[in-house]
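S.K.:
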């Protein structure tokens, strides 16, 4: 009985935190924000070498066979660093196949995803808050699908897409087979660009256990977004703390004013307890699946609401500089907004969680 | 991480159920209800179900930290209707302080009767001019021969009108010692003596719970100070890290959510039970997320501390997080109460929904909790300074300097 990280988990988180250290990653993220690069391929390669893409893949399919706990610890660090990498879609596509694929499907798709040879993503919502498996309307016609999916993370570079279909079914599309086109709009969060994807008689491979895997994938998405939000919340909190310690006004550092100190305290007191929430969501996903949907819904909804709120407060604490493109606060503010909206808005997730109680 | 109720825990639960069946209710031949409750608690401690963090030599049951067992105990005792282990100042504050700072003689003398509730405690911290600025306290204790002679006044002491013992923060060192808190000591005393006068203060809820306590040459033995002269500030601010202290607030939060759900079921809105309103359900789920955040943050904190890993600053934040939780809960229940909110005890007479009186009281008590034990603004100072490394306020320090007073 304990609720702490074991030595391996601590080491894993420490290692990825070093890979994603601010002085290494910040210039790369900045290059993406400023439009010099479409995404941060260099960091993605380092993360692949570290093993990120194989963490939740079973050993027999070329992965490390670890749990969502380990993956969520990585998601926290990715959230802290704001690295512009296709993590979210890739690992969700991977999880969908791990949870829902037949032995043959796993053998076919997972090694390439685990090794990072292939980039995956997920095409789920059809717009207007259709994140839940029961909301998906797209239906296959024979072994082909047609229609539009929205908000596909890093959809432009994905080579494999897991698509949500009617009845919570899941299908795998290999982009190289054709019938897939991408329409991009300017996204708010440039570190995780989203696009709409049109399928035109694209060949689909239905996952054997689609509907069960769809719920698992959604729960995993919520737990990972919650971890991202926790890491990002702390980062922007630290940025604001560092700023108020050096910025002077009225002959004193901002941090010497109690009004500022109390605002910072209000921020951190909201942020720190959400770690327990994301840990528990990841823990239930790995070890108590019957509780995972409830825990993950609460964790994502709460943590994303907190991230959005504190990103706004911390941006405000920076004064005018916080509202400039050159300063990094907006990177986190926009990631907070992504975490809030992607995978389902908090109000809906809270209502979903309530439906799983005896209320 | 391992939170699984394995076989070991199921066996533990079965043993506990058997214990409860055999020991509660107890026959009336064992005394009146209070005496029987006390006997039950004594037996439960003997069996390892209560006072788990206190060593056996002082009358505790000295069990290793295990919050899953803690939860099982709480659940089963509640289900069985047996007396619960209540956290009071004696077990919640005085015993942990004695365990950390007390001499052998002090532990032997004070802890066992505090566990058995023979010694019940109140706290004498605040003074009329030393509330949030506690280090400004002026009550003095002078060592005269083999006794401390105490003069001064304390205020907001809950329970001092009914409990015989008090932990008092007193100034034992010279007035000009700097910083100011270095002159303060933590003293244990018996209030039942001629030099102590207690005047109850009526609260906004109409109940007397607070007191003013006046000391006029009151006495305490020379060995009544815990943790050494001038060390009372550190002693009184010791951060509590053990099951009961951390979880009493969290368990309470969980039970308050359950009660709010019950009220929302019984409250009709537009001809339907209020609990069917999706926005209300979402707000209740928001509270549940916060309660869950507290529980698993506390689990994490204690699991790490138990193996000597630094766990960060969550424990510093729990009080403020909990009081903010209560404020949000009040928002929900005040809306549910509607007209009933204007009565002190709705539902206890002809008008109002049965059970709503508790919410009226709770909405007042929330305010007390925000003020007592370090007000929310003091919590923000502590969190800002200790968790974020922000500087201490200079306003008060400079003002005292201008007056030439000790810092």
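Chains as they are written, first to last, in this note's numbering: chain A, 13 to 371; chain B, 98 to 504.
Glycine included, each C-beta is placed from N, C-alpha and C at the ideal position.
The model shown is predicted, which means the values in this text are computed figures rather than measured ones.
#1: Applying a beta-carbon distance threshold of less than 9 Å, which residues of chain B neighbour residue 363 (chain A)?
#2: How would you list, in chain order, the residues of chain D whose beta-carbon sits under 9 Å from the beta-carbon of residue 462 (chain B)?
#3: Look at the Cβ atom of residue 384 (chain B), then the Cβ atom of residue 426 (chain B), and state whether they are nearer than 8 Å.
#4: Find out if the Cβ-Cβ distance for the pair residue 316 (chain A), residue 358 (chain A) is shorter than 8 Å.
#5: Given 7 Å as the limit, tell me if residue 183 (chain A) has its C-beta closer than that to any heavy atom belonging to the ligand ADP.
#6: Please determine if the stretch 117-134 of chain A and the stretch 84-104 of chain A are in contact, where contact requires at least 3 C-beta pairs separated by less than 8 Å.
#7: Assign residue 201 (chain A) to buried or exposed, taking buried as 16 or more other Cβ atoms, counted over all protein chains shown, within 10 Å of its Cβ.
#8: Can you tell me where the beta strand (DSSP E) with residue 262 (chain B) in it begins and where it stops?
#9: So the candidates are B:151, B:107, B:218, B:223; which of them puts its Cα closest to the Cα of residue 197 (chain B)?
#10: Residue 81 (chain A) versus chain B: which residues are under 8 Å apart at the beta carbon?
#11: In chain B, what lies closer than 7 Å to residue 291 (chain A) by C-beta?
#12: Residue 480 (chain B) versus chain A: which residues are under 8 Å apart at the beta carbon?
#13: Quick one: list the residues of chain B neighbouring residue 2 (chain A), beta-carbon separation under 8 Å, in chain order.
#14: Taking DSSP as the reference, what is the three-state secondary structure of residue 367 (chain A)?
#15: Under 9 Å Cβ-Cβ, which residues of chain B neighbour residue 313 (chain A)?
#16: Have a look at the DSSP bridge pairing and note the partners of residue 292 (chain B).
#17: On a CA-only basis, which of A:91, A:149, A:152, A:65 is nearest residue 77 (chain A)? Give me that one, please.
#18: By the criterion of Cβ-Cβ separation under 8 Å, what are the contact partners of residue 406 (chain B) in chain A?
#19: What are the start and end residues of the alpha helix (DSSP H) that includes residue 478 (chain B)?
#20: Using a Cβ cut-off of 8 Å, pull out every chain A residue sitting near residue 372 (chain B), in sequence order please.
#21: What residues match up with residue 310 (chain B) in a beta bridge as DSSP calls it?
#22: Could you compute how far the alpha carbon of residue 305 (chain B) sits from the alpha carbon of residue 219 (chain B)?
#23: Between the stretch 343-354 of chain A and the stretch 345-363 of chain B, do at least 3 Cβ pairs fall closer than 8 Å?
#24: How about the stretch 290-301 of chain B and the stretch 325-332 of chain B: do they share at least three Cβ pairs that are nearer than 8 Å?
#25: Please report the straight-line C-alpha distance between residue 459 (chain B) and residue 367 (chain A), rounded to a whole angstrom.
#26: Look at the alpha carbon of residue 111 (chain A) and the alpha carbon of residue 227 (chain A), and state the distance between them as a whole number of angstroms.
#27: Does any CB atom of chain B fall closer than 8 Å to the CB of residue 255 (chain A)?
#28: So, residue 284 (chain B) versus residue 267 (chain B), is the Cβ gap smaller than 8 Å?
#29: Could you say if the stretch 83-92 of chain A and the stretch 233-250 of chain A meet the contact criterion of at least three C-beta pairs nearer than 8 Å?
#30: Evaluate residue 23 (chain A) with the Cβ neighbour count: other Cβ atoms within 10 Å of its Cβ, from every protein chain shown; 16 or more gives buried, anything less gives exposed.
#31: Quick check: is the beta carbon of residue 288 (chain A) nearer than 8 Å to any beta carbon in chain B?
#32: Output needed for residue 106 (chain A): all residues of its chain with C-beta closer than 8 Å, excluding positions within five of it in sequence on either side, in chain order.
#33: Would you kindly report the start and end of the unbroken alpha helix (DSSP H) that includes residue 320 (chain A)?
#34: Okay, do the stretch 255-270 of chain B and the stretch 220-238 of chain B touch, 3+ Cβ pairs below 8 Å being the bar?
#35: Look at the alpha carbon of residue 91 (chain A) and the alpha carbon of residue 320 (chain A), and state the distance between them as a whole number of angstroms.
#36: So, with DSSP's three-state summary, where would you put residue 160 (chain A)?
M.R.: In terms of the structure at hand:
#1: 375, 376, 378, 379, 382
#2: Protein chains in the displayed structure are A and B, and chain D is not among them.
#3: yes
#4: yes
#5: Ligands in the displayed structure: none, and consequently the ligand ADP is not present.
#6: yes
#7: buried
#8: 262-268
#9: B:151
#10: 98
#11: 393, 397
#12: 277, 280, 281
#13: The shown model of chain A, from 13 to 371, leaves out residue 2 (chain A), and the question about it has no answer.
#14: helix
#15: 379, 382, 383, 386
#16: Bridge partners of residue 292 (chain B): none, in fact.
#17: A:65
#18: 16
#19: 473-479
#20: 371
#21: B:251, B:295
#22: 14 Å
#23: no
#24: no
#25: 27 Å
#26: 10 Å
#27: no
#28: yes
#29: yes
#30: exposed
#31: yes
#32: 65, 68, 69, 122, 125, 126, 132
#33: 301-329
#34: yes
#35: 13 Å
#36: strand
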